[in-house]
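**Student:** Below you will find the structure I want to go over with you.
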Amino acid sequence: MIKPTPNPPAADDTTPYEFPGSKRFHDAAERALDHYLKPNALTLRFHKPSTMFQVAPDQDNESLLVHACESLAQASLMTSDIAAYIELPQRRTILAIQQIIMLAELAVNRALDNHELPTQN
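Those letters in the sequence shown? Residues 48 to 168, per the numbering used here, in order.
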């Protein structure tokens, strides 16, 4: 037999915040996030994206994949060289980064292998 609780806890439905200052903190956090993540229309109208490091839109996929593969190979080589000069705890981190780079390089190489060349008619 289940006995009902004689004095159930009172439900505080006035505020979901732990203390009065937390609402102010929450509101400030929301304003900060909105400032960075939701720019207003006026800001968007005058914002022009930088084109300093823009990839040319007429580049074909094969050229982009080859360049990515070469860049990843160089990054892997550089991390290997750095790991030779670093002590053990940091060396493990550098070698883990190198492994991630090598896995990305393998994925790009597979994409290159799967890439079909256009047929000449």
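Cβ atoms here follow ideal geometry from the backbone N, Cα and C, with glycine treated the same way. Owing to the predicted nature of the structure, the values given are computational and were not obtained by experimental measurement.
So for HIS94, helix, strand or coil by DSSP?
**Tutor:** The residue you call residue 94 lines up with position 47 of the sequence shown. Here HIS94 sits in coil by DSSP.
**Student:** Buried or exposed: which applies to GLN145, given that a residue is buried once 16 or more other Cβ atoms fall within 10 Å of its Cβ?
**Tutor:** Taking the sequence shown and counting its residues from 1, the one referred to as residue 145 is at position 98. GLN145 comes out buried.
**Student:** Does the segment 155-164 come within contact of the segment 127-141, defined as at least 3 CB pairs closer than 8 Å?
**Tutor:** no
**Student:** What are the boundary residues of the alpha helix (DSSP H) that includes ASP160?
**Tutor:** As a working note, residue 160 is residue 113 in the sequence shown. Counting along the chain, the alpha helix (DSSP H) containing ASP160 begins and ends at 135-161.
**Student:** Distance, Cα to Cα, HIS82 vs PRO53?
**Tutor:** Here residue 82 corresponds to residue number 35 of the sequence shown, with the count starting at 1. Here residue 53 corresponds to residue number 6 of the sequence shown, with the count starting at 1. Going from the Cα of HIS82 to the Cα of PRO53 covers about 49 Å.
**Student:** Between which residues of its own chain and VAL155 is the CB-CB distance below 7 Å, once the five residues before and five after are set aside?
**Tutor:** Taking the first residue of the sequence shown as 1, we reach residue 155 at position 108. So the list reads LEU112, ALA115, CYS116 and LEU119, once near-sequence residues are dropped.
**Student:** Just curious, the alpha helix (DSSP H) that LEU112 is in, first and last residue?
**Tutor:** On the sequence shown, residue 112 is found 65 positions in, with the first residue counted as 1. 108-130 is the extent of the alpha helix (DSSP H) around LEU112.
**Student:** I'd like to know whether the C-beta atoms of SER127 and GLU152 end up nearer to each other than 8 Å.
**Tutor:** Along the sequence shown, read from residue 1 onward, the residue named residue 127 stands at position 80. Along the sequence shown, read from residue 1 onward, the residue named residue 152 stands at position 105. No, these two residues do not count as a Cβ contact at 8 Å.
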